[in-house]
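Undergrad: In full-length UniProt numbering, the protein residues as written are 1 to 1209.
Every residue, glycine too, gets a C-beta built ideally from N, C-alpha and C.
1) Less than 8 Å between the C-beta atoms of residue 932 and residue 973, yes or no?
2) On the criterion of 16 or more Cβ atoms from any shown chain inside 10 Å, does residue 367 qualify as buried, or is it exposed?
3) For residue 222, count neighbouring Cβ atoms within 10 angstroms of its own Cβ and tell me buried if that reaches 16, exposed if not.
4) From residue 490 to residue 496, what does the alpha carbon distance come to, in whole angstroms?
5) Just to confirm, are residue 544 and residue 665 a CB contact at a threshold of 8 Å?
6) Let me make sure I understand the geometry here. Which of 445, 446, 447 and 471 has the alpha-carbon closest to that of residue 456?
7) Sort 627, 552 and 355 by Cα distance to residue 567 and report the nearest one.
8) Name the two residues that bound the continuous alpha helix (DSSP H) containing residue 1022.
9) Spell out the partners DSSP gives residue 348 in its beta bridges.
10) For residue 666, name the three-state secondary structure that DSSP assigns.
11) Once you ignore the five residues that flank residue 872 on each side, which residues in its own chain have a CB closer than 8 Å to its CB?
12) Can you name, in chain order, every residue of its own chain whose Cβ lies under 7 Å from the Cβ of residue 925, other than the five neighbours on each side?
13) What span of residues does the alpha helix (DSSP H) with residue 280 cover, start to end?
14) On the DSSP bridge assignment, give the partners of residue 432 in chain order.
15) With DSSP as the reference, label residue 518 as helix, strand or coil.
16) Determine the closest residue to residue 393 out of 677, 438 and 866, with distance taken between C-alpha atoms.
17) Residue 754 lies in the alpha helix (DSSP H); which residues open and close that run?
18) Give the single residue among 773, 572, 691 and 401 whose Cα lies nearest to the Cα of residue 1171.
19) When the Cα atoms are used, what is the spatial distance from residue 294 to residue 340?
20) Roughly how many angstroms separate the alpha carbons of residue 1057 and residue 1112, rounded to a whole number?
21) Can you tell which of 929, 280 and 529 has the C-alpha that lies nearest to the C-alpha of residue 692?
22) Residue 569 by DSSP, collapsed to three states: which one?
23) Assign residue 291 to one of two classes, buried (16 or more other C-beta atoms within 10 Å of its C-beta) or exposed (fewer than that).
24) Across which residues does DSSP place residue 625 in a beta bridge pair?
25) For residue 548, write down the residues that DSSP places opposite it in a beta bridge.
26) Counting along the chain, where does the beta strand (DSSP E) carrying residue 399 start and finish?
27) Compute the distance between the beta-carbons of residue 663 and residue 511, then report whether it is under 8 Å.
28) Hey, out of 616, 403, 398 and 923, whose CA is closest to residue 374's CA?
29) Since residue 715 contacts residue 1110 with CB under 8 Å, what's their CB separation in whole angstroms?
30) For residue 630, which of helix, strand or coil comes out of DSSP?
31) Please classify residue 905 as buried or exposed, where buried requires at least 16 neighbouring CB atoms within 10 angstroms.
32) Have a look at residue 744 and residue 764 and give me their C-alpha separation to the nearest angstrom.
33) So, is residue 538 buried or exposed, given that buried needs 16 or more other C-beta atoms within 10 angstroms?
34) Whole angstroms are fine: how far does the CA of residue 825 sit from the CA of residue 694?
35) With a threshold of 6 Å on Cβ separation, who are the neighbours of residue 782 within its own chain once the five nearest residues in sequence on each side are excluded?
36) Hey, could you find the ends of the alpha helix (DSSP H) residue 276 is sitting in?
The structure is reproduced here in structure tokens:
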């Protein structure tokens, strides 16, 4: 095939990746050829009757050309739906190649099958399996047996690709399933061979074969109707004796054409058959009695009554519950074997069962200060010789001796060296093992268990009957835990390696820092200030408040000052309170955006009985970690006064950075006078913003409730240099910390701050240890999605550049957005400059047009008072009146009163008179309507929109069911004047906008009423009234929904005759599921949660040219921004990875060996996770069709810079 030489090597390699293995076939007879081609074209025209042409015999060359042209058009149509990349430079060449293959198919002895050739052709056109599905189903031909298949239209093919997902999007790894009946003579309930072609992760096509009984019902897809072979097709035409079946497998070693010579791809192993072991519970159930018997056996001595101790004694009656062995020993052996484990639990066989005994009663004493088994020359028993040790299993009463010889150290030190935490530093009588404290500490983080619950659980394990008295050590245990957590935090912070000790600890030193954030002098290159891309070293701060973490007026700072005042995440309390007292009279300005309660009610939040109404926090917005000295109590609401102090206290460590990004749900208001309030802060918190870039954002989830100008000015999506940051980091951590709110609410101020500090440290540490996998997941996703958006932008720009006007507009748009990115004071390119037209505005515009026509004498009116625009607008008003009357009439019950029925009848009569007058005028402008009303071709429209409105009964004769027959209803049946069509188009467009706005207003009102009802109303009477009000709002919402659906149906009909396009992207089909509040994701998982489109739509202009141009401009700006944000995300992640590695390498020289070992392990683990990242990023930019200024990457292999020592977890 000479045409193959036209393909480049890259194109041939591309084809190799996607073509499955195939068989070489022998040619058949002329009759078989004719039947084969008749089958092909019959199936094609069965699917698309509009292309039906009778073919007799084998197709001619022109027929093949027609088929190729249809395939090409279909491919181009599909690309918009599946967002695929068209290899335009190969279309013409591959068309000739396929033409040659088809013409030569029956002329050579060995050649590639038509299936494979058509797959090659389809893959060369579209980089997706969708055309492969259509073309294989289209051919419907198998060389070995009859194939059952579905013939798909282009629309159905798109739906077929999304079968594996529920989002309506094309599947990431589509599959083609071919069902082949093994024996055509067998009944249909026999066995099918299923051959599944699937796109593997490597980009190659895999093949898997399975055998499934056809008697099992197959899953039906309602959107894709199945089609069978045409009547004339013979399913048994190809039998085992058919010469088509004389096949031989292709040998990969043979030299064949590069366009098709691809060896078969190995496929995954067959699915493992399920065994009985896959249901372990069913295996366990028959053995329950055995388990019970073994439990009972352990209650006895198990080894018989005459078992001797291994030392030869006959009194082997003691068993240890904590040793692995269950053998019985004598008293002396039991004591001797537990010199190194004095806290094991012992039981004695007495009176026919085991009694719990203590090792102390058996004579074992714990000697501190000396090796186990040795005694001190001057032992000093603990006070009262009843020392209590709280262990991980039970609470022990032991005999303990302190060392009193010349090596004596203080008693509490002796306990600490034995890994026992003493209750006091003077004459301790109680201690807790390090094991129980470590266990409780982890359980506290993971399950939020309280010390009360944990301690009383130990007490019950000690004696679950309540017979044996147990010393009440709860308050002692609480104090020990409190001290333990503080010591552990000091140890982790490096205080043990600081010659100055604990007294040298500074504010924020006990916090676990985010290693991925930029820390000047710690994990940034020496020359980072000279980099032209300062946005890569930007700090992202997320600000928020939590009013669940309140504290009652319990204790005081004098009685409970806390152990780490300002050393952790909370600010230093004395200075903070002094600042608040000095500026407490500052008046907070009201919101100029929507009515934010956070702003307007900051001074009105209830504080009765509360010392703190909640906490304000500052987080790392990209990595979801609390910042040191970024947390503080709130006294009322979320006042600027409090939040300013917390923000600049957290920012003190980053004062040398040149780019700061603030994310706050009220940033649009908070930032206005921020720098005017700055002088009120203490001197050490003053911030020099000269030469710095300060950006303000509203988190993505909160942005939708702001006014339109805020949605563009404070959006993460449209601002350069922020990647895919969403700003919602604080919201994710509240679910974790809110679980301790009930316990911290009753604590004193110091204990509460220390407890929350401890939980914040654990949250940060878990985030730190997960950075390896999280960063890899994020950058893998970013590389893939960035390429998709790059290709989408390239396609969009290609379509715009097709005309000179479009190219000029694109250049102007690019210049405008680049100017705005440098100076946000310029006009925002993401804001639409065409307002949505309301019905009132459209009617005014039409009236002005009528007035102008009357003035210049060009008006053509068939009625002295009613123009065509008045006719159509009145008809739409009548339609609304009919809809309201149908709703009210259907609401009448069987026991409605005479007054209710009279009101409905009066309204119906008035409406009928209006209809009669309107139809008289309608005859003048639409003379075909009277004949249409009496004909059998009267259009019928059943309201199938599922809006809840009653469907009109056209046979009832009532006024509310009368058909108005506006132009949109009859334009498909009889010709209509373009003026009437255009007038209704403008009015329907405005009606749809008004209805959509009404829906949004009613949804907001419904939610506010419901929240008010839940929070404030109690009792049957108030709730009944509230329920009635909610029903009224629901009824209005239903009417607005039905009005929108009716308007959109009219627009769909009118658009076909007026050639209007583009409007349907913003006025989408409206379902009941879309009528939900902004934050209602109750029917979706968090991973697939999306906002209803009704909150995202923009207005549609009645001026199509202006509206479409503006819509296209805004869409291009957004597409460019999406591509840029994902590209920035890749570069930010690469930069953050470089921050993390040296951050942990610092542990090699700064901390103890165990800490250094942990960090060495983290460095190795993270480096292993990220070793393929440079290759991944590099491969993503190899085929970049629209390279911009975001292609430079960062090598993870770059040598680390010199770093100075700094605090870390």
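TA: According to the structure shown:
1) Residue 932 sits at position 932 when you count from the first residue of the chain shown. Residue 973 sits at position 973 when you count from the first residue of the chain shown. Yes. Within cutoff.
2) Residue numbering aside, residue 367 sits at position 367 when the chain shown is read from its first letter. It is buried - the Cβ of residue 367 has at least 16 other Cβ atoms within 10 Å.
3) Position 222 of the chain shown, counted from the start, is the residue given in the question as residue 222. Bear in mind that the predicted position of residue 222 carries a pLDDT of just 37, short of 50, making it too unreliable to give a figure here.
4) What you label residue 490 is simply residue 490 of the chain shown in a count that begins at 1. What you label residue 496 is simply residue 496 of the chain shown in a count that begins at 1. Linking residue 490 to residue 496 through their CA atoms gives a straight-line distance of about 8 Å.
5) By 1-based counting over the chain shown, the position of residue 544 is 544. By 1-based counting over the chain shown, the position of residue 665 is 665. A contact, by the Cβ cut-off of 8 Å.
6) For the purposes of this step, residue 456 is taken as residue 456 along the chain shown, with counting starting at 1. Shortest Cα-Cα distance from residue 456 to any of 445, 446, 447 and 471 involves 471.
7) Here residue 567 refers to the residue found at position 567 of the chain shown. Nearest C-alpha to residue 567 among 627, 552 and 355: 627.
8) The count along the chain shown starts at 1 and reaches residue 1022 at position 1022. Annotation for residue 1022: the continuous alpha helix (DSSP H) segment containing it runs 1020-1058.
9) The residue you call residue 348 lines up with position 348 of the chain shown. In the DSSP output, where bridge partners are listed per residue, residue 348 has 318 and 355.
10) In the chain shown, residue 666 corresponds to position 666, counting from 1. When secondary structure is reduced to three states using DSSP, residue 666 falls in the coil class, being assigned neither helix nor strand.
11) For the purposes of this step, residue 872 is taken as residue 872 along the chain shown, with counting starting at 1. Its chain contains 966, 967, 980, 983, 984 and 987 as the residues whose beta carbon lies nearer than 8 Å to that of residue 872, once the 5 sequence neighbours on both sides are disregarded; these appear in chain order.
12) Along the chain shown, read from residue 1 onward, the residue named residue 925 stands at position 925. Cβ-Cβ distances below 7 Å link residue 925 to 862, 868, 871 and 980 in the same chain, with the five nearest sequence neighbours on each side left out; the list follows chain order.
13) Here the question's residue 280 lines up with position 280 in the chain shown. Per DSSP, residue 280 belongs to the alpha helix (DSSP H) from 280-284.
14) By 1-based counting over the chain shown, the position of residue 432 is 432. Answer is 390 and 421, bridged to residue 432.
15) Position 518 of the chain shown, counted from the start, is the residue given in the question as residue 518. Residue 518 falls in the coil class under three-state DSSP.
16) Position 393 of the chain shown, counted from the first residue, corresponds to residue 393. Here the closest residue by C-alpha is 438.
17) Looking up residue 754 in the chain shown gives position 754. The continuous alpha helix (DSSP H) containing residue 754 extends over residues 749-769.
18) Taking the chain shown and counting its residues from 1, one reaches residue 1171 at position 1171. Nearest of 773, 572, 691 and 401 to residue 1171, Cα basis: 773.
19) For the purposes of this step, residue 294 is identified with residue 294 of the chain shown, where counting begins at 1. For the purposes of this step, residue 340 is identified with residue 340 of the chain shown, where counting begins at 1. The alpha-carbon of residue 294 is positioned some 30 Å away from that of residue 340.
20) The residue labelled residue 1057 in the question sits at position 1057 within the chain shown. The residue labelled residue 1112 in the question sits at position 1112 within the chain shown. Their backbone Cα atoms lie some 23 Å apart in a straight line.
21) In the chain shown, residue 692 corresponds to position 692, counting from 1. Residue 692 has its Cα closest to that of 529, out of 929, 280 and 529.
22) Within the chain shown, the letter at position 569 stands for residue 569. Residue 569 falls in the coil class under three-state DSSP.
23) Reading the chain shown from its first residue, position 291 is the one you call residue 291. Counting Cβ neighbours within 10 Å, residue 291 comes out exposed, since fewer than 16 surround it.
24) Translated into the one-based positions of the chain shown, residue 625 becomes position 625. Its beta-bridge partners are 620.
25) As a working mapping, residue 548 is identified with position 548 in the chain shown. DSSP, once it has assigned bridges, lists no residue as partnering residue 548.
26) Within the chain shown, the letter at position 399 stands for residue 399. It spans 395-402 - the beta strand (DSSP E) in which residue 399 sits, taken as one unbroken run.
27) Numbered from 1 along the chain shown, position 663 holds the residue referred to as residue 663. Numbered from 1 along the chain shown, position 511 holds the residue referred to as residue 511. For residue 663 and residue 511, no; Cβs fall outside 8 Å.
28) Counted from its first residue, the chain shown places residue 374 at position 374. With distances taken between Cα atoms, residue 374 lies closest to 403.
29) Your numbering for residue 715 matches position 715 in the chain shown. Your numbering for residue 1110 matches position 1110 in the chain shown. In fact, because the Cβ distance is near 18 Å, the residues do not count as touching under 8 Å.
30) In the chain shown, the residue the question calls residue 630 occupies position 630. Of the three classes helix, strand and coil, the one that applies to residue 630 here is strand, per DSSP.
31) In the chain shown, the residue the question calls residue 905 occupies position 905. Exposed.
32) Residue numbering aside, residue 744 sits at position 744 when the chain shown is read from its first letter. Residue numbering aside, residue 764 sits at position 764 when the chain shown is read from its first letter. If you draw a straight line from the Cα of residue 744 to the Cα of residue 764, it comes to about 19 Å.
33) Indexing the chain shown from 1 puts residue 538 at position 538. Buried, because 16 or more other Cβ atoms sit within 10 Å of the Cβ of residue 538.
34) By 1-based counting over the chain shown, the position of residue 694 is 694. By 1-based counting over the chain shown, the position of residue 825 is 825. The alpha-carbon atoms of residue 694 and residue 825 are separated by roughly 14 Å.
35) Position 782 of the chain shown, counting from 1, holds the residue named residue 782. The residues are 1126, 1129 and 1130.
36) Within the chain shown, residue 276 is the residue found at index 276, counting from 1. Per DSSP, residue 276 belongs to no alpha helix (DSSP H) and is neither H nor E.
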